[in-house]
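**Q**
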Amino acid sequence: MSYKIGIVGAARRHQGTGPFIAKTFNQLGHKISGVIGTSQESTVETVKQLKSDFDIKTQAYTNLSDLLAQRSVDILVISSPPETHLAYLQEALNHGLHVFCEKPLWWPGHGSNLPLLEEYQANIQRCLSIAKEKHCLIHLNTQWPYTLRECYKLYPELISEEINQFVMHLSPQSEGKTMLVDAASHGLSMLYQLVGPGNILKIVVKQSDQQNITINFDYQHQNELTKTTFSFINSQAIPKPASYEINSHKVDRTVSLPEYQIKLQSNIRNMDIQDPLEASIQDFLASIEAGLVTDEMALSQGAYHLYQLIKSYQ
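In terms of our numbering, the sequence shown opens at residue 467 and continues consecutively.
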């Protein structure tokens, strides 16, 4: 089935994935009905860039209401800054749209104070309740779990081992608390995929400066414990250095440019992998086709754990 897609934040700014999400949906045979930006001028430029880079023909809008009034939309992609997510999530879900949302699901503006936990969780729960009522699927674009299939091929012994250690090294362009907002959801999604729901305990934050943060904690799940480390080091490099370790078995993510060939590399060999963004979008679309419901546990727990880490950092 072909879907009609609206995209909030389709411009390539900082670490934005919007244009690549547009490209992938288009390549998979889905129509980009329109893109939404902060101003008509900037959004028209985004439309021109999408046409130039990916031969995508679409229309520019500055709000979702106008897009929905003029175009047919089945899915809203939210790839704008995290502080904008909540309003777009609620509006999209109230209109019965499925949502493909960049991580995190929502976080207040970078200059904002830490929200009250009750208010934060209530906002997340409100979105999940609307999705359930409207039979809409919310998919958070945390791509790293889609690399695990190849990781298990590199280290087959992991399939039968208990996961007692997990380490993730990421290189966001941001600094300080914003590094956690931008990148921590990746590691949290990996933990959830590896061992399921759990609780974060004994958080210890180590920081040499605003550009180098390490967070250690225990992840307790089903009466087991996974010792966990998230390491964030600011980097302007393209492509960004990234790796993870499961029970001390390490894989590096490498990207060859300009062909953008992605590999996982162990200490003895490497393996081509599918672009995790494409895998994430295909999984989202397959879930819609199968009539699956939103994984409320994954989204609510991921949001709460992100809150815990940011609170510990502050």
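C-beta atoms are modelled at their ideal positions from N, C-alpha and C, and glycine is treated no differently.
Owing to the predicted nature of the structure, the values given are computational and were not obtained by experimental measurement.
(1) Considering only DSSP beta bridges, list what Q727 is partnered with.
(2) Please work out which residues of its chain come closer than 7 Å, Cβ to Cβ, to K523, disregarding the five sequence neighbours upstream and downstream, and give them in chain order.
(3) Short of 7 Å in beta carbon distance, which residues of its chain neighbour L534, apart from the five on each side in sequence? Order them along the chain.
(4) Using only alpha-carbon positions, find the residue among N492, Y554, H496, A769 that is nearest to D648.
(5) Determine, using beta carbons only, whether I502 and A488 come nearer to each other than 8 Å.
(6) For G653, is the classification buried or exposed, using 16 other Cβ atoms within 10 angstroms of its Cβ as the cut-off for buried?
(7) Within 10 angstroms of the Cβ of V759, are there 16 or more other Cβ atoms? Answer buried if so, exposed if not.
(8) On the DSSP letters alone, give me the boundaries of the beta strand (DSSP E) that N589 sits inside.
(9) Skipping 5 residues on each side, what residues in its chain have a beta carbon closer than 6 Å to that of R735?
(10) Locate the beta strand (DSSP E) running through L533, then write down its first and last residues.
(11) Any idea what DSSP makes of K859, helix, strand or coil?
(12) For the alpha helix (DSSP H) that V539 lies in, which residues bound it at each end?
(13) Could you please give the first and the last residue of the uninterrupted alpha helix (DSSP H) stretch that includes N492?
(14) Tell me which same chain residues have a C-beta within less than 7 Å of the C-beta of E627, skipping the five on either side of it?
(15) Does any residue of chain D bring its CB to less than 8 Å from the CB of M656?
(16) Can you name, in chain order, every residue of its own chain whose Cβ lies under 6 Å from the Cβ of H496, other than the five neighbours on each side?
(17) What separation, rounded to the nearest whole angstrom, lies between the Cα atoms of L660 and I629?
(18) Please confirm whether Q731 and I699 have their CB atoms less than 8 Å apart.
(19) Count Cβ pairs between the stretch 745 to 756 and the stretch 595 to 609 that sit closer than 8 Å; are there 3 or more?
(20) Classify M656 as buried or exposed, calling it buried when 16 or more other Cβ atoms lie within 10 Å of its own Cβ.
(21) For E634, count neighbouring C-beta atoms within 10 Å of its own C-beta (all shown protein chains included) and say buried if the count is 16 or more, exposed if not.
**A** From the atom records:
(1) S722
(2) K517
(3) H561
(4) A769
(5) Contact flag unset, no.
(6) buried
(7) exposed
(8) From DSSP, N589 is part of no beta strand (DSSP E) but of the alpha helix (DSSP H) over 583 to 600.
(9) none
(10) L533 -> not in any beta strand (DSSP E); alpha helix (DSSP H) instead, spanning 530 to 536.
(11) Given that the chain is displayed from residue 467 to residue 780, the structure contains no residue 859 and the question cannot be resolved.
(12) Neither: V539 is in no alpha helix (DSSP H) and is coded neither H nor E.
(13) Start and end: 484 to 493.
(14) N713
(15) Absent from the structure is chain D; it holds one protein chain and no more.
(16) S468, Y469, I471
(17) Rounded to whole angstroms, the gap between the alpha carbons of L660 and I629 is 7 Å.
(18) no
(19) yes
(20) So M656 counts as buried.
(21) The amino acid at residue 634 is misidentified as Glu; the sequence shows Met. Looking at its Cβ environment, which holds 16 or more other Cβ atoms inside 10 Å, M634 is buried.
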